[in-house]
Amino acid sequence: MTRAMISELNTIASEDFEKAQAMLEGINLVLGTKYGWLNRRVVFFDKPNGTVAERYASAHDAWTYAE
(Lines of atoms letter the chains of each structure in order from A; the text may use other names.)
(Lines give C-alpha, C1' and ligand atoms only; values in the text may rest on other atoms or scores of the structure.)
Protein backbone atom coordinates (compact mmCIF):
# COMPACT_ATOMS: atom_id res chain seq x y z
CA MET A 3 0.00 0.00 0.00
CA THR A 4 1.07 3.56 -0.53
CA ARG A 5 1.60 6.15 2.19
CA ALA A 6 -1.46 8.04 0.95
CA MET A 7 -3.69 4.96 1.33
CA ILE A 8 -2.33 4.17 4.78
CA SER A 9 -2.66 7.78 5.89
CA GLU A 10 -6.29 7.85 4.74
CA LEU A 11 -7.05 4.60 6.59
CA ASN A 12 -5.44 5.97 9.76
CA THR A 13 -7.56 9.13 9.47
CA ILE A 14 -10.76 7.16 8.91
CA ALA A 15 -9.88 4.88 11.84
CA SER A 16 -9.66 7.86 14.18
CA GLU A 17 -13.17 8.93 13.14
CA ASP A 18 -14.99 5.62 12.43
CA PHE A 19 -12.93 2.58 13.38
CA GLU A 20 -15.50 -0.01 12.24
CA LYS A 21 -15.54 1.49 8.74
CA ALA A 22 -11.73 1.55 8.58
CA GLN A 23 -11.55 -2.02 9.86
CA ALA A 24 -13.89 -3.22 7.10
CA MET A 25 -11.85 -1.34 4.51
CA LEU A 26 -8.60 -2.92 5.72
CA GLU A 27 -10.17 -6.39 5.67
CA GLY A 28 -11.12 -5.79 2.02
CA ILE A 29 -7.60 -4.63 1.18
CA ASN A 30 -6.12 -7.70 2.86
CA LEU A 31 -8.49 -9.94 0.91
CA VAL A 32 -7.74 -8.34 -2.46
CA LEU A 33 -3.97 -7.94 -2.00
CA GLY A 34 -3.42 -11.14 -0.03
CA THR A 35 -1.79 -9.19 2.80
CA LYS A 36 -2.22 -9.41 6.56
CA TYR A 37 -2.18 -5.81 7.77
CA GLY A 38 -3.63 -5.17 11.20
CA TRP A 39 -4.34 -2.42 13.70
CA LEU A 40 -2.43 -1.11 16.69
CA ASN A 41 -3.72 2.00 18.45
CA ARG A 42 -5.94 2.71 15.40
CA ARG A 43 -2.97 2.78 13.04
CA VAL A 44 -2.26 0.33 10.23
CA VAL A 45 0.59 -2.05 11.06
CA PHE A 46 2.27 -5.06 9.50
CA PHE A 47 3.81 -8.00 11.31
CA ASP A 48 7.09 -9.91 11.01
CA LYS A 49 5.17 -13.05 12.03
CA PRO A 50 1.66 -12.58 10.56
CA ASN A 51 0.72 -16.22 11.23
CA GLY A 52 2.05 -16.30 14.80
CA THR A 53 0.12 -16.04 18.02
CA VAL A 54 -1.39 -12.70 18.94
CA ALA A 55 1.57 -12.05 21.25
CA GLU A 56 4.09 -12.92 18.51
CA ARG A 57 2.30 -10.75 15.93
CA TYR A 58 2.10 -7.66 18.09
CA ALA A 59 5.60 -8.09 19.54
CA SER A 60 6.90 -7.62 16.00
CA ALA A 61 4.38 -5.05 14.70
CA HIS A 62 5.64 -2.14 12.58
CA ASP A 63 3.83 1.06 11.62
CA ALA A 64 2.90 0.58 7.96
CA TRP A 65 3.09 4.30 7.08
CA THR A 66 6.72 4.50 8.22
CA TYR A 67 7.80 1.71 5.85
CA ALA A 68 5.51 2.53 2.90
CA GLU A 69 6.85 3.90 -0.35
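Residue numbers 3 to 69, in the numbering used here, belong to the letters of the sequence shown in order.
We put the CB at the ideal spot given by N, CA and C, even for glycine.
Here the structure is a predicted model, which is why all the values come from computation and not from measurement.
Excluding the 5 residues preceding and the 5 following K21 in the sequence, name in chain order all residues of the same chain whose CB lies nearer than 7 angstroms to its CB. Cβ within range, chain order: I14.
Please name the residue, chosen from N51, E27, F46, K36, that lies closest to T66 on a Cα-to-Cα basis. From the listed residues N51, E27, F46, K36, the smallest Cα separation to T66 is found for F46.
In the structure shown, what three-state DSSP assignment does G34 receive? Coil, per DSSP.
Please state the DSSP three-state secondary structure of R57. In this structure, R57 counts as helix in the three-state DSSP scheme.
Could you tell me the alpha carbon to alpha carbon distance between D33 and D18, rounded to whole angstroms? Here residue 33 is Leu; the residue named in the question, Asp, does not match the sequence. Approximately 23 angstroms, taken between the alpha carbons.
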